[in-house]
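To start, the structure itself, in structure tokens.
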Amino acid sequence: MREDRPVKQIPGVKLTPTPLSRPSRAEAEDAVRTLLAWAGDDPARSGLANTPKRVVEAYEERFSGYREDPAGELARTFEDVSGYRDMILLRDVRLESHCEHHIAPFTGVAHVAYLPDRRVVGLSKLARVVDIFSRRLQVQESLTAQIGETIQQSLAPLGVAVMIRAAHQCMTLRAVNQPDAVMETTHFTGVFAKDEAWRQRFLDSVRPRSGA
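As numbered in this note's numbering, residues -11 to 200 make up the sequence shown, in order.
Here it is in structure tokens:
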């Protein structure tokens, strides 16, 4: 298991959850049994006997981001980039997260770009930052800002741009019933926030591809 590392907080952007006393696995499984009984079923019947264990294991995987440090993924950087000073873009990073209101999944893609100053990082590390934050309960707006601000703080680039496009099951399965609705959020820092030309270049680069 990865070693937990402290992460500096950024005003207005919650990068790490407030530490809480974590219930035991047995307590978590008991909570699932309580919900099953509340729903009207018998948690002791054969078909549900192992459900609490499975649910807790699934939650442990889906919400593993609480136990990982996204900034730590960006700790190893490279300064010898042979004078490269253009935008670095990683697009179409698949993500699955869960909304904090109904714990309903939302799925989509993230596009992440930064304009390096002196340091660059391996592309897989950008994807890891997206994945770690995605494995926490939140709203898409916060997820977008968390990714952008963590990269800005860790790499100190000239600017960061993040866009997420995602479909939310709370829109597709609940009473609102909008199966084709897609939510789009952006977060910009540095030159992408201040310079319309850089911002537009990023937006043009992440337009949905033909047939997508």
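Virtual Cβ for every residue (Gly too), placed ideally from N, Cα, C.
None of these values were measured; they are calculated from a predicted model.
Local conformation of residue i per DSSP, three classes
i       : result
SER85   : strand
THR132  : helix
GLY178  : strand
LEU77   : strand
LEU36   : coil
GLY147  : strand
PHE121  : helix
LYS(-4) : Its pLDDT being 49, under 50, LYS(-4) is placed unreliably by the model, and the measurement read from it follows with that caveat. It is coil, neither helix nor strand.
LEU111  : helix
LEU62   : helix
LEU191  : helix
SER52   : helix
GLU137  : helix
LEU157  : Note that residue 157 is Gln in the sequence shown here, rather than Leu. Note: GLN157 maps to helix in three-state DSSP.
VAL69   : coil
ARG197  : coil
LEU8    : coil
Assigned exposure category for residue i - 16 Cβ within 10 Å defines buried
i      : result
ILE120 : buried
ARG124 : buried
GLU49  : exposed
VAL194 : buried
THR138 : buried
ALA25  : exposed
GLU61  : buried
GLU184 : exposed
Identity of the residues DSSP links to residue i by a beta bridge
i      : result
GLN126 : CYS87
ILE152 : ALA98, THR173
VAL20  : According to DSSP, which records beta bridges pairwise, VAL20 is partnered with nothing at all.
LEU103 : GLY147
PRO93  : HIS86
Proximal residues to residue i (C-beta, below 8 Å), its chain only, five neighbours per side dropped
i      : result
ARG187 : ALA149, PHE176, PHE180, ALA181
ARG107 : THR65, PHE66, GLU67, LEU143, ALA144, PRO145
TYR47  : ALA16
ARG13  : VAL44
GLN166 : MET159, THR160
Cβ shell of residue i (< 7 Å), same chain only, five flanking positions each side left out
i      : result
ASP192 : none
GLU17  : PRO40, LYS41, VAL44
HIS90  : CYS158
GLU84  : PRO93, THR95, SER122
ILE76  : ALA101, TYR102, PRO104, VAL108
CYS87  : PHE94, VAL127, HIS156, CYS158
Sequence-distant residues of the same chain with beta carbon closer than 6 Å to residue i, five excluded per side
i      : result
PRO104 : PRO145
SER52  : ARG123
ALA63  : none
THR174 : MET151
Decide if the region 23 to 38 is in contact with the region 107 to 116; the criterion is three or more beta carbon pairs, one per stretch, under 8 Å apart. no
Please determine if the region 53 to 71 and the region 88 to 97 are in contact, where contact requires at least 3 C-beta pairs separated by less than 8 Å. no
Would you call the region 140 to 159 in contact with the region 98 to 105, where contact means no fewer than 3 C-beta pairs closer than 8 Å? yes
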